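Chains A and B are the protein sequences, given in the same order.
What the first sequence shows, in our numbering, is residues 1013 to 1157, in sequence order.
What the second sequence shows, in our numbering, is residues 22 to 280, in sequence order.
Data first, discussion second: the structure below is written as structure tokens.
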Amino acid sequence: MGLGSMAIAAAGTAVFGYQFLSPNVLYEPSPVVNMGRPESYQLDSVTLDVDARIFIVHGTEGFFALNAVCTHLGCLTVWKPDLGIIACPCHGSKFDVFQAGKTPGEKIEGPAPRPLPWLRMWLSEDGELMVDRATEIRPMQFVRV
Amino acid sequence: MSTRFRKYFDELRETRVWRSMFRGGAGASTLRKSMAIQQNVFLHLLSTKVRKRMLEFNATWYLGTLTLGTFAILVITGILLMLYYHPSVPQAYADTKDLQFVVSSGQFLRNLHRWAAHAMVFLVFAHMFRVFYRGAYRPPREFNWVIGVVLLLVTLLLSYTGYLLPWDQLAFWAITVGSNIASAVPLMGDKVRFLMLGGHFVNANALLRFYVLHCMILPLAAFFLIAIHFWRIRKDGGLYAHQSEPDVVMTTAPARPSL
């Protein structure tokens, strides 16, 4: 009886503690971001939005969005136009974008365990590029304008 | 001069007010001296008697005491820094800059806090190496070694949580990387990271949580563990002296009197 009630009280405290420590409302930015008119992105360009932490890539096959957060330890990667790759400043991971035969976002070298994820992208009714940063999609799903 | 001072002090110790606070009266007898230690809530954690040579530098290199000293500096400077620091996203970085360039002695206090933190980590490691290579972790002191390891973890967590508080780029990315390491824990990693940061990013909730951990929870944990750590020294037979434990250190050697 004594031990049983103690166990119930301990379990209740654990549940209460876990629920209390998990915020129910987050004042974080919305995962869906409006990235503007497709015409503003030149062909064969990679554009990093630092605030949204995504790359908007405009290739010959169409538009797509890559998560710019490195899959290693979460640093913000950057586009290196002279090398034609995406690179992480923290631990040197490198990712491909335009190389033929490779999937954009694929790792070239470095400690990153996974490629940069593709994010869901669509055109809004007003014809603007929308990206849902919380939804990863299978690669090679381009948005054609 | 010193004898006259001693006389005044002895008289003071016989007054009713003094005796109401400290039950042990004046006198140089071993009993009186022991009682002065034993009947004091802080000093009673320590041994009433210590070998004189154990108080020399060579016995311990004073590494534990120096660690306590840096902890005391960190508590005092930390409390003073808290008077000018707001753990909020719009203000944290500005307050840090204010502490450096606007507050009188702010830069001194902040630097002292930072250097003492580095020194404490160094001293904790030095203390542990010394205890390890001298064999002072062995029975009957094995549990105090375990408490010491927990204190090492608390020290490192204090350093880690304090790193975020200046809210600059270095802090932000260090905690981003550090919390992503936590999410590598199998099965519950992402949940651990979520609870640690109070969200999906290093943001206002993370700053507040790290502030509470750094200024309240971890120092209190350190305080109680340090108290137990000191009390265990007494309970485990005083400071470790190499020759004082022939049966443990040299099992094959003939018993010899402890020095």
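Think of the CB as a built atom: it goes at the ideal place given N, C-alpha and C, for glycine as much as any other residue.
Owing to the predicted nature of the structure, the values given are computational and were not obtained by experimental measurement.
- Spanning the alpha carbons of B/Thr176 and A/Lys1114 requires a straight line of approximately 47 Å.
- In the DSSP assignment, A/Met1142 falls within the beta strand (DSSP E) that extends over Leu1141 to Ile1149.
- As a beta-bridge residue in DSSP terms, A/Val1090 pairs with A/Ala1099.
- At a C-beta separation below 8 Å, B/Thr176 has no neighbours in chain A, since its nearest C-beta there lies roughly 23 Å away.
- With contact defined as three or more Cβ pairs closer than 8 Å, the stretch 93 to 101 of chain B and the stretch 126 to 142 of chain B are in contact.
- Below the 7 Å Cβ cutoff, chain A contributes Glu1040 as neighbours of B/Phe222, in chain order.
- For the alpha helix (DSSP H) assignment, the uninterrupted runs of no fewer than 4 residues enclosed by the stretch 191 to 229 of chain B are, from N- to C-terminal side, 210 to 218.
- For the stretch 180 to 209 of chain B, the beta-carbon criterion of a distance under 7 Å to any beta-carbon of chain A is satisfied by Trp194, Thr197, Val198, Asn201 and Ile202.
- Secondary structure within the stretch 146 to 188 of chain B: the alpha helix (DSSP H) runs of 4 or more consecutive residues, fully enclosed, are 163 to 185 (chain order).
- Assignment of A/Leu1085 by DSSP, reduced to helix, strand and coil, places it in the coil class.
- For the pair B/Asp257 and B/Pro161, the CB atoms are nearer than the 8 Å cut-off.
- Not a single C-beta of chain A is nearer than 8 Å to the C-beta of B/Phe231.
- A/Ile1066 is bridged by DSSP to A/Asp1061 and A/Asn1079.
- When rounded, the separation of the alpha-carbon atoms in B/Leu172 and B/Gly156 is 19 Å.
- Three or more Cβ pairs closer than 8 Å define a contact, and the stretch 1076 to 1089 of chain A meets that threshold against the stretch 1048 to 1067 of chain A.
- Contact of B/Asn165 with chain A by beta-carbon distance below 7 Å is absent, the smallest such distance being about 28 Å.
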